[in-house]
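Number of protein chains: 6
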Amino acid sequence: MFAHNKRLQYTVRVRETNPGLANLMLEQFGGPQGELAAATRYFTQAIAEEDPGRKDMLFDIATEELSHLEVIGNIVLMLNRGAKGRLAEGVDAEGDMYRRITGAGNDSHITQVLYGGGPPLTNSGGVPWTAAYIDTIGEPTADLRSNIAAEARAKIVYERLINCTDDPGVKDALTFLMTREVAHQKSFEKALYSIENNFPPGKLPGDPRFTSVYFNLSQGEPVPAPGPWNDPAHFEVVSDFEQSLAVDGGTGLPSCGMTPEEVTAVSAMAVRTASNPQSDPTTGAELGATPQAAAEMGVAPTTR
Amino acid sequence: MFAHNKRLQYTVRVRETNPGLANLMLEQFGGPQGELAAATRYFTQAIAEEDPGRKDMLFDIATEELSHLEVIGNIVLMLNRGAKGRLAEGVDAEGDMYRRITGAGNDSHITQVLYGGGPPLTNSGGVPWTAAYIDTIGEPTADLRSNIAAEARAKIVYERLINCTDDPGVKDALTFLMTREVAHQKSFEKALYSIENNFPPGKLPGDPRFTSVYFNLSQGEPVPAPGPWNDPAHFEVVSDFEQSLAVDGGTGLPSCGMTPEEVTAVSAMAVRTASNPQSDPTTGAELGATPQAAAEMGVAPTTR
Amino acid sequence: MFAHNKRLQYTVRVRETNPGLANLMLEQFGGPQGELAAATRYFTQAIAEEDPGRKDMLFDIATEELSHLEVIGNIVLMLNRGAKGRLAEGVDAEGDMYRRITGAGNDSHITQVLYGGGPPLTNSGGVPWTAAYIDTIGEPTADLRSNIAAEARAKIVYERLINCTDDPGVKDALTFLMTREVAHQKSFEKALYSIENNFPPGKLPGDPRFTSVYFNLSQGEPVPAPGPWNDPAHFEVVSDFEQSLAVDGGTGLPSCGMTPEEVTAVSAMAVRTASNPQSDPTTGAELGATPQAAAEMGVAPTTR
Amino acid sequence: MFAHNKRLQYTVRVRETNPGLANLMLEQFGGPQGELAAATRYFTQAIAEEDPGRKDMLFDIATEELSHLEVIGNIVLMLNRGAKGRLAEGVDAEGDMYRRITGAGNDSHITQVLYGGGPPLTNSGGVPWTAAYIDTIGEPTADLRSNIAAEARAKIVYERLINCTDDPGVKDALTFLMTREVAHQKSFEKALYSIENNFPPGKLPGDPRFTSVYFNLSQGEPVPAPGPWNDPAHFEVVSDFEQSLAVDGGTGLPSCGMTPEEVTAVSAMAVRTASNPQSDPTTGAELGATPQAAAEMGVAPTTR
Amino acid sequence: MFAHNKRLQYTVRVRETNPGLANLMLEQFGGPQGELAAATRYFTQAIAEEDPGRKDMLFDIATEELSHLEVIGNIVLMLNRGAKGRLAEGVDAEGDMYRRITGAGNDSHITQVLYGGGPPLTNSGGVPWTAAYIDTIGEPTADLRSNIAAEARAKIVYERLINCTDDPGVKDALTFLMTREVAHQKSFEKALYSIENNFPPGKLPGDPRFTSVYFNLSQGEPVPAPGPWNDPAHFEVVSDFEQSLAVDGGTGLPSCGMTPEEVTAVSAMAVRTASNPQSDPTTGAELGATPQAAAEMGVAPTTR
Amino acid sequence: MFAHNKRLQYTVRVRETNPGLANLMLEQFGGPQGELAAATRYFTQAIAEEDPGRKDMLFDIATEELSHLEVIGNIVLMLNRGAKGRLAEGVDAEGDMYRRITGAGNDSHITQVLYGGGPPLTNSGGVPWTAAYIDTIGEPTADLRSNIAAEARAKIVYERLINCTDDPGVKDALTFLMTREVAHQKSFEKALYSIENNFPPGKLPGDPRFTSVYFNLSQGEPVPAPGPWNDPAHFEVVSDFEQSLAVDGGTGLPSCGMTPEEVTAVSAMAVRTASNPQSDPTTGAELGATPQAAAEMGVAPTTR
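Chains as they are written, first to last, in our numbering: chain U, 21 to 324; chain G, 21 to 324; chain R, 21 to 324; chain V, 21 to 324; chain P, 21 to 324; chain S, 21 to 324.
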């Protein structure tokens, strides 16, 4: 169960109203790498986790991410607060309001008109947050890798946001949030590597004929030097495309068993919809072709 | 530029029509951990990659994932092929067709009625594929971690699909696809660790006051043993909630600068929408309350 | 800032594994009327609220809804826990596993295969949660009405879920959750009606010519008795369709000012894409018509 | 069944081409509070309504909202018409066209390039309309509350749009549309309150132990005065967090019955994926740490 | 402006309650090829159409499609009506209700629990309708082709639904709806071909070097006979992959101009994130490898 | 199976960094008419196609569209490359970076901050690509019409993009891509018309009573001249609305069979939720009305 305290984990100090910057900050409120995604990712994992230590860790970090959602939401709100009041009370001349919310350096119109200046759960482009962002699958050796990656991405997005503002209070709070992603990544790394036999993830081993093959499918100039990812010391590199086809030794063609009724039905469908390869049909495109197009198709121009 | 050969990378042999199983297989065709997600993930990274060796690797693997999309698509198609013919040609009595596509062990109705038995880019529940599944952000030290995690997840979903079928040809092809995820993970791991200074990702260092703090925010019984993710040898553990508040030493309350006009407008909005805390207003709920609810609210039951 | 305790607000006691029922319960975990929607709805409103009392109330209720998300998530997990173990460890014969997750009374395959038996943020049909469910617009006299409606809807969905299970522990926990929606509705009603002048919401008055008009646009039998919503005592009822057209007294046709260049460009587009109303063109449909269709269209059947 | 007349319900007079403003107006065409949402919301409720009078009202209002969709669509079109011609006919120098559709005060590029200047069913940020915006659940005492809230929201968004334009014809038509939302809200209010026993909605009563409890879960400074929503005269206020836990008197911990096979499988999964709490594993992060990060983690910097 | 009559365009007679069939019917209510998509597609085109005759036609057909939406909505409702009453009033024993809405041949649980048995704007799998289904782009020579295709698709989906039911009233109404798609396609065909010079659509001609080239990019067995789509009489067939590369005669490699500052920044990023191709780094996967995986990678098994 | 060559099908030469233009180009990368939609549309059709010649054609064109996705992706990347370096390395003063990514003529902030300057699978407004864009239904006579329409749309969007840039290398590559859509449309036309009896699509004939009826449902001024789409020579035009109702000759009212238990349950629901038409209830709106609204409603203003 959760409890809440009105004090933030980190004090938010915004210098002045800036709805355009508020908009950018939404990336970490309702964006794919943002704090709602982080909080719900760890919270749902925590519920399902069987290992008591990791369950505790996941609740700890989920709770902190919720608290970060509150911090970034307050940054958005403080950057919007003055503008929100103006629009709600209609204090600007109409043209001024329009310019204010659509002008250069400020595409905050959705935030203002639709959401009234509060922090909506969208990314900076106005796309509503979706649980499709969350990639939890319920296997710790995969989910912990996903969490490590998620923290790495969030760290980078904060870094870019820091590069976009010169408001010292905003920079300061963003730096705290960015730093915490680093700390969380460290915890998730420890949790992953404290599981023995975490690679390959899951239970079934791979087919040993194919676990160390590297198919060199992109060819042509420029040809780079090999790297550790396709070093023949570790990988069997297959560069001949023919040898990449039907590597099981079969025909490479799909087949399926069907009942006689199914064969009949499929054949009937095939016949009904067959194209006649010998035909040279007049087409709709030819009926309406421009003179140039008609000439290119070798048909007479349409006359009407 | 791409070229295509009609032979598959792995031969698909399906024993018999099974639209319900076809549906499950969609998870890896148009699902979040599936092959379209993998192929487009690496393809878009390949385009943007500055390192020539990694660019080559990303194109190699993207091309293979496209080829896997073709393999899994053919598994779906072969499992559906007989059923597709029956529906298209209307060869079943109506009740039979209805039972066939909605019956026990088979919720393939969307696949059949809407998509005609071809492989649609949806997951097994019919949710259309979305690029929101792809978490590429354009920083290699984050994206390679995302790729490692994506391969781990895909490996697990294949493992579960293998556990759901006893068709030997399907199992065989799925095992090949699962194995290749293992091989790809190995390549991405090599690529990540061949970047020096890959942790923390990006360029800005964290604030050293907070990089090794662990906030113990989930408390109460049961209390698990500490693990390496919050071991005091590596982390400064903060268990006192008061010390987790406003860790910057400030008030923990948000503030923003506003112009006098903004202050006026915000105040006007606040006054216009203020709740009177001393009021005890009659509410809409009270107007229409059931006798029990009215009693609980201490109001007279409505009479009309 | 948030804190978490490992004890739930209400004890969850599940009698036996039932993944199909777990699936239904997702409606209130990641569905449109579910607890994530409730928690994020009130949390984002709380951040933006200017009235200190209502801000406090919104945080109180948001925090409780988060705690309810945890309760319903644990119901889902407990109903799935046994099944999740079986799939992860592959302990069933393959056909059994397939039947287990797709059989009658159980369409839990997405939950099992994709999410590994953990509680995903989807509705019971597998549709990922989206912030499009949240209708907050940042004006308290509208948002409180939205909250009242949201609580009413959530109450009903819980009622239906209660009607679907005979597991006493599940019924008991659902009844608690349902009851709390009633309590929350009561608080939101009090908050709305303690704002004076809350109708019409916002600041601009309506145009008095149209605030009490009722356009009777659906006609024909059966004609019901008038009700209080179109009682002539309160509404001016307009039943003549002609009088519903262009009620401003104008032409009812749209017009716009354009520069000469714009007029020229629009005319050029119109000419370029004009249909010749005198023409009787041969169409693509006629080229490929079946004999019956050709006869209906009065064209000669295609011969090839 | 529907019929259509080419005259609008309200005459649309647009002063001059303004694609940026056209874009804002999309909020009420294809946005969440817009007229398509309103029309389809009432139309689908009308179909399912059992009460003949309310069914009639819902069709009346749905039909009017469709007519409003036409009005707002014509506002969008008229504001775009000149620009649409220019782009379609390519009459501008290229750089001019680019500046025209991406310049200050005008982010109409999606509307122009993708939709050709016609009114698309998106919000002002280009997000496609989704039926996820509609919250109908098929219980009149809930749906009428949802309708009341929807009208309140739509009224506010129109108010904001009116504040953003100084084109008198646009203001005039928007004021009409805004006013009608007020009238509709009045009808829906009458319809709700003419249902006796409409609170709590539905049929099941709440558990009386919890219908009037208020959990004071957000604490800390600033502490506002109580309001009518948590006035002890009406609510039992629980401020002690410990008393908010496991309010049923149980352990607050989830439990489930499992078969012996399930217990075995869950245990096997737990063992396979257990983290060793005594371990201090080397992690991937440590392998690639920067010197600073390595120092913070207490590991030797990587040498290669 | 629209008006409504309570009589349907076609009488709906449903034999008996069948929520599973109701669910299938949703495909044409809120599915991608359904009547809402059709109605809104033509309605939005009608608003933007400059040709008065086509504008009239588009409104005629849009209005009819709205009326069809009402017909199919009533089919859904009538099939659900009995079940809706049972759930709302809780008249079944709990287990019965669960079996009723999740049992074989009936996956109507979302419709019942979430939508209360009314017709929701989703497809038969529960996916909410989205305006992403609508492909209008505001150029009549493209949009009319899109409309022709849309009618063809809708005709087929109705055909499949007809094949799934033996309720004569449902079959009868579906046949009417299917037939009207055929009639609409005929009108759209006439409208397209009455535009002279409708191919290629738009204004810019293609580059004549490439308008009739056919790139034979899929090769390998089986090699089908050529068809009219790549008949050398009409197309220049390029089968040599090398000749498909860089057909402009350039290098086939992308290039861009950059300022010196940009060059410097890009170089810095490249250096910072470069992979060392000579390295053979220890990876995270190696740290946690199973003995088999460690052997395959040529590393020592982890000991702890 | 696919293979890849590092040379593009068409050489991309970008003159200078222009992230705003890069953003526009996304329309054809991850937009609804873009190359991913094209490639996946034809690829999935190819898998399911039974006609060997058309299957080959679909793979040929799918493979080319993938190659076009690569071309347009490289245009995006080259236009962004300089900006991407600046943001990643933080080389600008903060205010400069903010202005750079949000300034006039450049709303590329999502691309830069979230995606790091690489090409994301979104449209130009940042909306993630969705498979809902793909309208394949598995019947060739419908799918080929859909493909023809899709090529027509893509041609137009390229035409508009060409009109928006004066960078000669970008124009040149876009012209190639546009031209290829024309060539593909020609192939799809040939494929469609080489199927005999392709209209009406599918197998069931329409009901001859309704295949040539034209319902004139939009009336009122202005009345355009009839066109070939409603020419009485080909269509039976029904202009009397009464004759458009219940064209089957029935009542036009829906009906359904129900069991006695169902009748009882539906009646109970109807009674429970009935509105009393004789009532004149006080409503929530009246409780909180402004003085003006109270006067309009004929109720006393609220006093508190």
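We put the CB at the ideal spot given by N, CA and C, even for glycine.
- Ile215(R) sits in a strand when the DSSP states are folded into three classes.
- Taking the Cβ atoms as the reference, Arg180(V) lies roughly 5 Å from Val133(U), within the contact range of under 8 Å.
- Annotated as distal: Thr195(V) and Ile215(V), with beta-carbon spacing of 8 Å or more.
- A Cβ-Cβ separation of about 7 Å places Thr37(S) in contact with Arg101(S) under the 8 Å criterion.
- For Ser87(V), the chain P residues whose C-beta falls within less than 7 Å of its own C-beta are Met21, Phe22, listed in chain order.
- Annotation for Glu256(G): the continuous beta strand (DSSP E) segment containing it runs 256–258.
- Under the three-state reduction of DSSP output, Ser287(P) falls in the helix class.
- Judged by DSSP secondary structure, Phe22(G) falls within the beta strand (DSSP E) whose first and last residues are 22–25.
- Under the Cβ criterion (8 Å, minimum of three pairs), the region 55–67 of chain G does not count as touching the region 202–217 of chain U.
- By the Cβ test, the region 159–173 of chain S is in contact with the region 168–176 of chain P, since at least three Cβ pairs between them sit closer than 8 Å.
- Secondary-structure assignment with DSSP links Ser295(V) through a beta bridge to Ile215(U).
- Pairing Thr83(V) with His24(P) gives a Cβ-Cβ distance under 8 Å.
- Chain order gives no chain R residues near Gly222(S), where near means a beta carbon separation below 8 Å; the closest approach is about 10 Å.
- For Ala151(S), no Cβ of chain U is located within less than 8 Å of the residue's own Cβ.
- Per DSSP, the unbroken alpha helix (DSSP H) holding Val177(S) starts and ends at 160–183.
- Between Arg74(P) and Ser295(R) the beta-carbon gap is near 6 Å, inside 8 Å, which marks them as a contact.
- When DSSP states are grouped into helix, strand and coil, Val233(V) belongs to the strand group.
- Straight-line spacing of the CA atoms in Ala108(V) and Val177(R) works out to 50 Å.
- Cβ neighbours of Gly51(G) within its own chain (closer than 7 Å, five residues either side excluded): Asn143, Ser144.
- Thr60(V): member of the alpha helix (DSSP H) spanning 55–68, first to last residue.
- Using a Cβ-Cβ cut-off of 7 Å, Asp76(G) is close to Ser238, Pro244 of chain U, given in chain order.
- Annotation for Lys104(V): the continuous alpha helix (DSSP H) segment containing it runs 72–109.
- Distance from the CA atom of Pro72(V) to the CA atom of His204(P), rounded to whole angstroms, is 33 Å.
- The Cβ of Asn43(P) sits no closer than 8 Å to any Cβ of chain S.
- Minimum Cα-Cα distance from Trp249(S) among the listed residues Tyr30(P), Asp76(P), Ala42(P), Pro297(P) corresponds to Asp76(P).
- Among the residues of chain S, none has a CB under 7 Å from the CB of Ala174(U); the nearest is roughly 11 Å distant.
- A Cβ-Cβ distance of about 19 Å is found for the pair Gly189(S) and Ser128(S), leaving them out of contact under the 8 Å criterion.
- The beta carbon of Asn236(G) sits closer than 6 Å to the beta carbons of Val257, Ser259 from its chain, once the five residues preceding and following it are set aside; these are given in chain order.
- Between the alpha carbons of Ala288(P) and Glu306(V) lies a distance of about 24 Å.
- Per DSSP, Gly40(P) is one residue of the alpha helix (DSSP H) stretching across 39–45.
- As the crow flies, the alpha-carbon of Asp268(G) is around 23 Å from that of Phe79(R).
- Taking CB atoms only, Pro252(V) has no neighbour in chain G less than 8 Å away.
- The beta carbons of Leu99(G) and Met45(G) sit closer together than 8 Å.
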